[in-house]
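Trainee: Using my numbering, you'd call the opening residue of the sequence shown number 36 and step up by one each time. Backbone N, C-alpha and C fix where the C-beta goes; we use that ideal spot for every residue, glycine too. Fair warning: this is a prediction, and the values are worked out from it, not measured in the lab. Below are the structure tokens for one structure; questions will follow.
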Amino acid sequence: MEKKGVLIIGLSILFLLSINLILAQYYAPEQFIEGFIERTKDAIESIFRPIIGGETGDEFLLPKIGFFFLTFILVITALRNTDIFGSNNAALYITSIIVSILSARFIPEVGIIRAMILPYISLFTAIGYLSVPILTVFFVHYRPLTRPLRWAIIGGLGIIYTIYWAGSLYIQGWDFSADVFAALPFLVLFLAFAFDGWIETRFENQRFSGVAQETRRRAVQDWMQQYRLAVENGDERRAREVRRILRRRFGINV
Numbered sequence: 036m037e038k039k040g041v042l043i044i045g046l047s048i049l050f051l052l053s054i055n056l057i058l059a060q061y062y063a064p065e066q067f068i069e070g071f072i073e074r075t076k077d078a079i080e081s082i083f084r085p086i087i088g089g090e091t092g093d094e095f096l097l098p099k100i101g102f103f104f105l106t107f108i109l110v111i112t113a114l115r116n117t118d119i120f121g122s123n124n125a126a127l128y129i130t131s132i133i134v135s136i137l138s139a140r141f142i143p144e145v146g147i148i149r150a151m152i153l154p155y156i157s158l159f160t161a162i163g164y165l166s167v168p169i170l171t172v173f174f175v176h177y178r179p180l181t182r183p184l185r186w187a188i189i190g191g192l193g194i195i196y197t198i199y200w201a202g203s204l205y206i207q208g209w210d211f212s213a214d215v216f217a218a219l220p221f222l223v224l225f226l227a228f229a230f231d232g233w234i235e236t237r238f239e240n241q242r243f244s245g246v247a248q249e250t251r252r253r254a255v256q257d258w259m260q261q262y263r264l265a266v267e268n269g270d271e272r273r274a275r276e277v278r279r280i281l282r283r284r285f286g287i288n289v
């Protein structure tokens, strides 16, 4: 249920961000991409501006957002390695968020901080650019879907990327670094199409492994229950037999 809720929220956000783009179908390929980036940036900034501070059009706001996430990752990782909060995840997340907000809100606007943050923003941008094809490949194999349907989804998305890439190349001309980077999503989809059988085999092995682990866990619980009943009833012979089974089959000593 939790995963389904996250998926619904994510799809709702994407739908809201795409309304203006759907209405603006006359955009050229590069205008479509630029418009999507600008609207996504504006939406993100409108959410974080009241939290971490900043004015509309503030060029330092995006680095502050990147610094917020970087601080959150560092703080929550450090706190997880301590016993301060124990198993209280709510306190762990609240503390990490508060520290991250304060750090980003009162960060001085100096060059050294900007130089420290911008490389991470570039990394997040690259990850975000490749996230759509990677998540698509993961989804079509995780469900799992039939091979023709997987090929249709991956191929359709690949055609869309190819059209936008070719349109941008036709209008703006060849730029090695920009065009090679823009072709990376198509490369991901091409590799997913070429190695479809191998990827599906890996996912199937993972699913079977999960089923086997669950079966083993339930079997251990059943034998442990039988052992407790034998001990409570004073049946030492049955208890020894169950201990032997647990040790030989599951490597558990009781």
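Just to confirm, is the Cβ distance from SER131 to ILE100 under 7 Å?
Mentor: Taking the first residue of the sequence shown as position 1, residue 131 is located at position 96. Taking the first residue of the sequence shown as position 1, residue 100 is located at position 65. Against a cut-off of 7 Å, the Cβ pair of ILE100 and SER131 comes out as no contact.
Trainee: Report the residue from ALA254, ARG278, LEU137, ASN116 whose alpha carbon sits nearest the alpha carbon of TYR262.
Mentor: Locating residue 262 in the sequence shown gives position 227, counting from the first residue. Minimum Cα distance to TYR262 is reached at ARG278.
Trainee: Please classify GLU271: is it buried, with 16 or more other beta-carbons within 10 angstroms of its beta-carbon, or exposed?
Mentor: Counting from 1 along the sequence shown, the entry for residue 271 is found at position 236. When all chains shown are included, GLU271 counts as exposed.
Trainee: Pick out whichever of MET259, LEU226, LEU137, SER122 has its Cα sitting closest to the Cα of THR171.
Mentor: Taking the first residue of the sequence shown as 1, we reach residue 171 at position 136. The shortest C-alpha separation from THR171 is found at LEU226.
Trainee: Can you look up ARG182 in the DSSP assignment and give me helix, strand or coil?
Mentor: As a working note, residue 182 is residue 147 in the sequence shown. ARG182 falls in the helix class under three-state DSSP.
Trainee: Identify, in the order they occur along the chain, each residue of the same chain with its Cβ nearer than 7 Å to the Cβ of ALA265, setting aside the five sequence neighbours on each side.
Mentor: What you label residue 265 is simply residue 230 of the sequence shown in a count that begins at 1. ARG273, ALA274, VAL277.
Trainee: Look up ILE142 in the DSSP assignment and say whether it is helix, strand or coil.
Mentor: Taking the first residue of the sequence shown as 1, we reach residue 142 at position 107. Coil.
Trainee: Measuring CA to CA, which of VAL255, GLN260, ILE194, ILE195 is closest to ILE287?
Mentor: By one-based count along the sequence shown, residue 287 stands at place 252. Cα-wise, what sits closest to ILE287 is VAL255.
Trainee: If we ignore side chains and look at the alpha-carbon of each, how far apart do ARG282 and GLU239 end up?
Mentor: Locating residue 282 in the sequence shown gives position 247, counting from the first residue. Locating residue 239 in the sequence shown gives position 204, counting from the first residue. Roughly 30 Å separates the two Cα atoms.
Trainee: Going by the CB atoms, is the gap between ILE87 and TYR104 shorter than 7 Å?
Mentor: Within the sequence shown, numbered from 1, the residue matching residue 104 stands at position 69. Within the sequence shown, numbered from 1, the residue matching residue 87 stands at position 52. The question names Tyr, but residue 104 is Phe in the sequence shown. Going by C-beta atoms, PHE104 is not nearer than 7 Å to ILE87.
Trainee: Around the Cβ of ILE198, are there at least 16 other Cβ atoms within 10 angstroms (buried) or fewer (exposed)?
Mentor: One-based indexing of the sequence shown puts residue 198 at position 163. Answer is exposed; the Cβ neighbour count stays below 16.
Trainee: Could you check the C-alpha separation between GLN248 and GLN241 for me, to the nearest Å?
Mentor: Here residue 248 refers to the residue found at position 213 of the sequence shown. Here residue 241 refers to the residue found at position 206 of the sequence shown. Straight-line Cα distance between these residues: approximately 11 Å.
Trainee: Output the boundary residues of the alpha helix (DSSP H) element that contains VAL223.
Mentor: What you label residue 223 is simply residue 188 of the sequence shown in a count that begins at 1. 219 to 229 is the extent of the alpha helix (DSSP H) around VAL223.
Trainee: Looking at C-alpha atoms only, which residue of LEU96, LEU222, ARG182, THR181 is the closest neighbour of ILE194?
Mentor: Stepping through the sequence shown from its first residue, residue 194 is reached at position 159. Of the candidates LEU96, LEU222, ARG182, THR181, the one whose C-alpha sits nearest the C-alpha of ILE194 is LEU222.
Trainee: Quick one: using the 10 Å Cβ neighbour count with 16 as the cut-off for buried, is LEU137 buried or exposed?
Mentor: Counting from 1 along the sequence shown, the entry for residue 137 is found at position 102. Classification for LEU137: exposed.
Trainee: At the level of alpha carbons, what is the spacing between LEU180 and ILE119?
Mentor: In the sequence shown, residue 180 corresponds to position 145, counting from 1. In the sequence shown, residue 119 corresponds to position 84, counting from 1. So the two alpha carbons sit approximately 44 Å from each other.
Trainee: Between which two residues does the alpha helix (DSSP H) containing ILE119 stretch?
Mentor: On the sequence shown, residue 119 is found 84 positions in, with the first residue counted as 1. Segment: none, ILE119 is in no alpha helix (DSSP H) and carries neither H nor E.
Trainee: Compare the beta carbon distance of LEU224 and PRO168 with 7 Å and say whether it is the shorter of the two.
Mentor: Taking the first residue of the sequence shown as position 1, residue 224 is located at position 189. Taking the first residue of the sequence shown as position 1, residue 168 is located at position 133. Yes, Cβ-Cβ distance for LEU224 and PRO168 is below 7 Å.
Trainee: CA-CA distance, SER81 and PHE141?
Mentor: Your numbering for residue 81 matches position 46 in the sequence shown. Your numbering for residue 141 matches position 106 in the sequence shown. Roughly 18 Å between the two C-alpha positions.
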